[in-house]
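A short worksheet on the structure shown next.
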Amino acid sequence: MSLPNISRRSAVVPAIAALLTVIYLTGRFLPGLDHGVRMAFRWYGAITIYGVSAAIVLVRARVVERDRRIWTILGIGMVLYALGVVASLISPRAADDPPVLSFVCWIAFYAMFYVALLDMLRARLRPFTLAFCLDGALAGLTLAAICSALVPHDLDALSPGKEVAGLATPCMELVLLSLLVWANAMTGWRHGGAWRWLAAGMALAAVAEVSTDISVARDAFDQLAPFNALFAPALLCFAIAAWRPAPRPRAMRTDPISVLALPAAGLVGVIGILVFGDVDDLLTGGLAIGALAIAATRAGLTVRDLSRLHEARRFARGFDEAAIGMAFVSPRDLTWTRVNQTLADMLGRTPEDLVGRFIGEVTHPDDRDRAVPVWDAFRDGGSPAPYVRRAVKADGTVIDLMISVALIEADDGSPLLFSQHQDVTEARRAARHNEALAELSRVALELRDADALVERMTALLSERTPADEVALVADAVTAGDDRTLAVGLGHGTLVARRDAARPPFAVEHARFLEAAANVIGTALDRARVEDELRTQALEDPLTGLANRSYLAAHVEQAIAAADRGEGGLALVLLDLDRFKVVNDTLGHGAGDEMLCAVADRLRSAIRRGDVAARLGGDEFVVVCAGASAAPHEVAALASRILEAVSAPYVVDDRELHIGASAGLVFAEGREASAESLLRDADLAMYRAKEAGGAGYEVFDAGLRAAVVRRLATEEQLRHALERDELRLHLQPVVDLHRDELAGFEALVRWEHPERGLIAPSEFVDVAEETGLIVGIGGWVLGEATRQLALLQTTAGRPLRMSVNLSARQLRPALVDEVRAALRSAGVRARSLTLEVTETLLVDGPGAVEVLNALRALGVTIAIDDFGTGWSSLGALQRYPVDVLKLDRSLVGPAASSAPAAALARAVVEMAQALGLDVVAEGIEDDEQLAAMRALGCPHGQGFVFARPMPAEEALALVAEGPTARAARAPAA
Ligand code: C2E
Ligand code: CA
Ligand code: CA
Numbered sequence: 019m020s021l022p023n024i025s026r027r028s029a030v031v032p033a034i035a036a037l038l039t040v041i042y043l044t045g046r047f048l049p050g051l052d053h054g055v056r057m058a059f060r061w062y063g064a065i066t067i068y069g070v071s072a073a074i075v076l077v078r079a080r081v082v083e084r085d086r087r088i089w090t091i092l093g094i095g096m097v098l099y100a101l102g103v104v105a106s107l108i109s110p111r112a113a114d115d116p117p118v119l120s121f122v123c124w125i126a127f128y129a130m131f132y133v134a135l136l137d138m139l140r141a142r143l144r145p146f147t148l149a150f151c152l153d154g155a156l157a158g159l160t161l162a163a164i165c166s167a168l169v170p171h172d173l174d175a176l177s178p179g180k181e182v183a184g185l186a187t188p189c190m191e192l193v194l195l196s197l198l199v200w201a202n203a204m205t206g207w208r209h210g211g212a213w214r215w216l217a218a219g220m221a222l223a224a225v226a227e228v229s230t231d232i233s234v235a236r237d238a239f240d241q242l243a244p245f246n247a248l249f250a251p252a253l254l255c256f257a258i259a260a261w262r263p264a265p266r267p268r269a270m271r272t273d274p275i276s277v278l279a280l281p282a283a284g285l286v287g288v289i290g291i292l293v294f295g296d297v298d299d300l301l302t303g304g305l306a307i308g309a310l311a312i313a314a315t316r317a318g319l320t321v322r323d324l325s326r327l328h329e330a331r332r333f334a335r336g337f338d339e340a341a342i343g344m345a346f347v348s349p350r351d352l353t354w355t356r357v358n359q360t361l362a363d364m365l366g367r368t369p370e371d372l373v374g375r376f377i378g379e380v381t382h383p384d385d386r387d388r389a390v391p392v393w394d395a396f397r398d399g400g401s402p403a404p405y406v407r408r409a410v411k412a413d414g415t416v417i418d419l420m421i422s423v424a425l426i427e428a429d430d431g432s433p434l435l436f437s438q439h440q441d442v443t444e445a446r447r448a449a450r451h452n453e454a455l456a457e458l459s460r461v462a463l464e465l466r467d468a469d470a471l472v473e474r475m476t477a478l479l480s481e482r483t484p485a486d487e488v489a490l491v492a493d494a495v496t497a498g499d500d501r502t503l504a505v506g507l508g509h510g511t512l513v514a515r516r517d518a519a520r521p522p523f524a525v526e527h528a529r530f531l532e533a534a535a536n537v538i539g540t541a542l543d544r545a546r547v548e549d550e551l552r553t554q555a556l557e558d559p560l561t562g563l564a565n566r567s568y569l570a571a572h573v574e575q576a577i578a579a580a581d582r583g584e585g586g587l588a589l590v591l592l593d594l595d596r597f598k599v600v601n602d603t604l605g606h607g608a609g610d611e612m613l614c615a616v617a618d619r620l621r622s623a624i625r626r627g628d629v630a631a632r633l634g635g636d637e638f639v640v641v642c643a644g645a646s647a648a649p650h651e652v653a654a655l656a657s658r659i660l661e662a663v664s665a666p667y668v669v670d671d672r673e674l675h676i677g678a679s680a681g682l683v684f685a686e687g688r689e690a691s692a693e694s695l696l697r698d699a700d701l702a703m704y705r706a707k708e709a710g711g712a713g714y715e716v717f718d719a720g721l722r723a724a725v726v727r728r729l730a731t732e733e734q735l736r737h738a739l740e741r742d743e744l745r746l747h748l749q750p751v752v753d754l755h756r757d758e759l760a761g762f763e764a765l766v767r768w769e770h771p772e773r774g775l776i777a778p779s780e781f782v783d784v785a786e787e788t789g790l791i792v793g794i795g796g797w798v799l800g801e802a803t804r805q806l807a808l809l810q811t812t813a814g815r816p817l818r819m820s821v822n823l824s825a826r827q828l829r830p831a832l833v834d835e836v837r838a839a840l841r842s843a844g845v846r847a848r849s850l851t852l853e854v855t856e857t858l859l860v861d862g863p864g865a866v867e868v869l870n871a872l873r874a875l876g877v878t879i880a881i882d883d884f885g886t887g888w889s890s891l892g893a894l895q896r897y898p899v900d901v902l903k904l905d906r907s908l909v910g911p912a913a914s915s916a917p918a919a920a921l922a923r924a925v926v927e928m929a930q931a932l933g934l935d936v937v938a939e940g941i942e943d944d945e946q947l948a949a950m951r952a953l954g955c956p957h958g959q960g961f962v963f964a965r966p967m968p969a970e971e972a973l974a975l976v977a978e979g980p981t982a983r984a985a986r987a988p989a990a
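Residue numbers (the working numbering): 19 to 990.
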């Protein structure tokens, strides 16, 4: 701020000074110059120079802020000095006898010089004590005494006032000179040009003054004496000093030698004078005694300060040798006033280097602004909490300093800041590292996906580590230099790099990176395992298609998308038609191969964005997002998939043809869930199967209504038995040869309280699916045998009763059930016929065994609905069958079509050849009856004779006699 200001003009002032000096000295000493001219220079030249010097000093005080007060005092003193000379010039008295006013001015000048000097020293020398000022005075007086002793003089010639005044000025000059020399010595001379110039000027003035006084003392005073000419350059030196920088505040030397050198020398000088000098001489004696008095005062002060000094020493030792960094800071300009070795070491400097410097110089540039709140805290009367600042060491290394500052009172009562510094770089680094590790672990737990994990973790590390670049590379890497760290983590290497401009990585960094790599490695391993598990959990292991869980999740998503209006959603459920055959005949290996082949076909048949899944077994699902329910598109979609799946397969070198049934459902515009869609598709698929397979069915509201109805049926059917809602209707079976009633077939009916009489076609399937058929069948068996007993009693002859069995009933327990029913009704087993369908027979060897057991009871077994399945007549031989019931689909056409008649005849003849009885079912009219008679079919059943009827009607029928009604029925 003020410094450049001074140095810029510092060359101007010496130039002026040099010029003036040359002119002045020329006027004084150039040979051949007239006495008058010399005298003019001696007076007017000197006064001009004094005035100019004072002006230069005052201008400096005005222009430069720093030390303004000091230089103002000095400048005014110099003006006074010049006025003293003017007073002496205009005085009417002799030139060698200046007026009192002149002495007053000159003494005032030296007094002001002294004040300014002390002010200057106090601001720059620490600690500054009065004792040191006394040292200057002591030295000055001693010097004066020595001069006085060496120079013969006669004081009696002078008036006492002038005597005192004339003596005071050289003494003061010597005292000031001593102080300046001492102050320069304390700051090592090289610091601060200002003090050197002051010392030089004072030396010139002292020499001029002393020599003048000596000449006066010898009564040989000459106005133009050479020494006299030194006053002008002396004041110019002060002017130059004003424009030189003053030394930075410095710690004063406090070692005993430095402290005691000056007073000791002074004391030795005084003692020397007292011993060897002319003690009788009043001046010498007075000066020596004055010096002694000062020495005594100083000793007294020292004694008084001794204990305090001791304390200060102890403090100094504690301060200097403290393990933590300590410093005193001047609150005025925030400069270090005292710094201990530990703090200096922390900052990589010496205490001397730091004292006097602005404390902010070592603060990290980014932290400098943060100092303000700390000082604000003091201003507000509080004390700031310890804080951490980054500091820059001499070598550029950045460290963290924990600083606590307290405002204390210095010995002289002025405020002083005491600060303690701890290097917390390590601790902070450890804390930062731990924090980063904790954060890493948190991220590791949070993120499941390996890629996201790597991305987040490297970002985190780049942010939190002292590295300039962090990367996770796939291969193994070894660090090439000390600015690269590489840590392997199983599946790769974590590499951290640092720019060449920064110091190399420290051991702690390597340790931290290892720990981080550990966390990342573990997290990645876990993420990988989870990835695998997830794939396993969502993939069908056999075909690699999506599995049920994945499908469910995907469908839910697709439904949500459809709800947002992103197009419709179609779900196609696919069931292979004859897969069981492949599995049973070619083995499971071939079955699996086939399923994989189907999966491949599906994969290539679906479009992008569609998903194919395997639900299990031979069930597959294709989910098509954005599908429309428009009929032609539906047909296109279904046939595309069905065609793909149905093309022939080659398994085990065999060409296999396999069909599939599909159920389609659309999620468009209605509330749906994955579950409900799958259920609906399943229904549609079953409908397709029922329709013969190798086709598709689209789920619609009707199907749903049927399902709902079916569900209701199921629910109510559970209670039908206990509520006694089941009825048994009986349909007569007629002996066609004898034209008489041979017996009845028992057909179940459900007398629903609301829906009325319900035919078995509406509830037998449900009963079979739910297993209710077992209870119902048991009831039918009991009721049928009971009715049979009644009918036989009424008829008085062995009528027969046929009872239908469902697959579910055909288990070993049935044998006991039948035996119990027969026994409880009291009818013979021979009267009972049990009807089973041909599909029941092929279902398993168990069924055949049960039938054998039943036959062993004496019960007759009939094959129902013969002609609708695939059984050949020959196959019947292998089964325990007694009766063949010719299905309605063979009977009806036989009356009108010759080929049908031929087929029917063949069946009847063949059956008879096998020893089987034959019953023609569903004979509806006379032609059909005639046809059956013509075929020689032994028994017939149908509306032509009678519809199934309640038990009472049957009883009434048999009561009428054996033949009458059976034959007459069509006429009725
Ligand atoms: P099914 O065993 O073939 O029974 C004969 C079915 O043909 C009866 O239908 C009967 O009413 C009907 N029918 C008889 N004559 C004619 C005719 O001339 N023309 C026509 N169009 N139909 C005729 P229903 O009673 O509705 O029984 C249907 C099926 O329900 C039965 O077929 C049988 O499979 C099953 N069923 C009936 N009762 C039982 C039962 O107690 N247990 C079991 N498991 N199934 C039963
Ligand atoms: Ca039947
Ligand atoms: Ca039948």
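Using N, Cα and C, we set each Cβ at its ideal position, and we do this for glycine too.
Per DSSP, His509 is not a residue of any beta strand (DSSP E), being assigned neither H nor E.
When the Cα atoms are used, Glu787 and Leu765 turn out to be separated by approximately 19 Å. Where Arg896 is concerned, there is no enclosing alpha helix (DSSP H), because DSSP gives it neither an H nor an E. Annotation for Glu853 indicates a beta carbon within 7 Å of some heavy atom of ligand 2. DSSP, reduced to helix, strand and coil, places Phe245 within a helical segment of the structure shown. For the pair Asn565 and Glu574, the Cα-to-Cα distance works out to about 14 Å.
Using a cutoff of 7 Å, the CB of Asn565 does not count as near ligand 1, since none of the ligand's heavy atoms is closer than that. Here Glu763 is not near Gln946, since their CB atoms are 8 Å or more apart.
In the DSSP assignment, Val347 falls outside any alpha helix (DSSP H) and within the unbroken beta strand (DSSP E) covering 343 to 348. For Ile291, the three-state secondary structure derived from DSSP is helix.
For the pair Ile659 and Leu594, the CB atoms are not nearer than the 8 Å cut-off. Lys411 sits in coil when the DSSP states are folded into three classes, being neither helix nor strand. Taking all protein chains in view, the Cβ of Ser915 is surrounded by fewer than 16 other Cβ atoms within 10 Å, so the residue is classified as exposed. Within the DSSP bridge table, the entry for Thr381 names Ala409 as partners. Around the beta-carbon of Val877, 16 or more other beta-carbon atoms lie within 10 Å, marking it buried.
Taking 8 Å as the cut-off, the beta carbon of Arg951 is found no closer than this to the beta carbon of Gln749. Taking a cut-off of 8 Å for Cβ pairs, the region 122 to 141 and the region 89 to 101 touch, as three or more such pairs fall below it. In this structure Thr511 is buried. Its beta-carbon is surrounded by 16 or more other beta-carbon atoms within 10 angstroms. The C-beta distance from Leu759 to Pro980 rounds to 6 Å, short enough to fall under 8 Å. Taking the C-beta atoms as reference points, Leu587 is found no nearer than 8 Å to Ala570.
Under DSSP, Pro433 forms a beta bridge with Glu427. When only Cα atoms are considered, Ala217 and Phe256 end up about 9 Å apart. Residue pairing by DSSP places Asn822 opposite Glu853 in a beta bridge. Pairing Val31 with Thr39, the inter-Cα distance amounts to about 12 Å. Rounded to the nearest whole angstrom, the CA to CA distance from Leu372 to Ala29 is 29 Å.
Residue pairing of Tyr714 in beta bridges, as defined by DSSP: Ala680. The Cβ-Cβ distance between Pro267 and Thr353 falls below 8 Å. For Ser907, the shortest separation between its Cβ and any heavy atom of ligand 1 does not lie below 7 Å. Relative to the non-hydrogen atoms of ligand 2, the Cβ of Glu763 comes within a distance shorter than 7 Å of at least one. When the alpha-carbon of Val423 is set against those of Ile417, Gly431, Val406, the nearest one is in Val406. Put simply, the backbone Cα of Arg46 is about 59 Å away from that of Phe333. Short note on Ser914: C-beta not closer than 7 Å to any heavy atom of ligand 1.
For Thr353, the beta-bridge partners assigned by DSSP are Ser348, Phe376. For the pair Gly63 and Tyr42, the CB atoms are nearer than the 8 Å cut-off.
For Met190, same chain residues with a beta-carbon under 6 Å away, outside a window of 5 residues either side, are Tyr128 in chain order. Take Pro117, set aside five residues on each side of it, and the residues of its chain with a beta-carbon closer than 7 Å to its own are Ala105, Ser106, Ser109, Arg111, in chain order.
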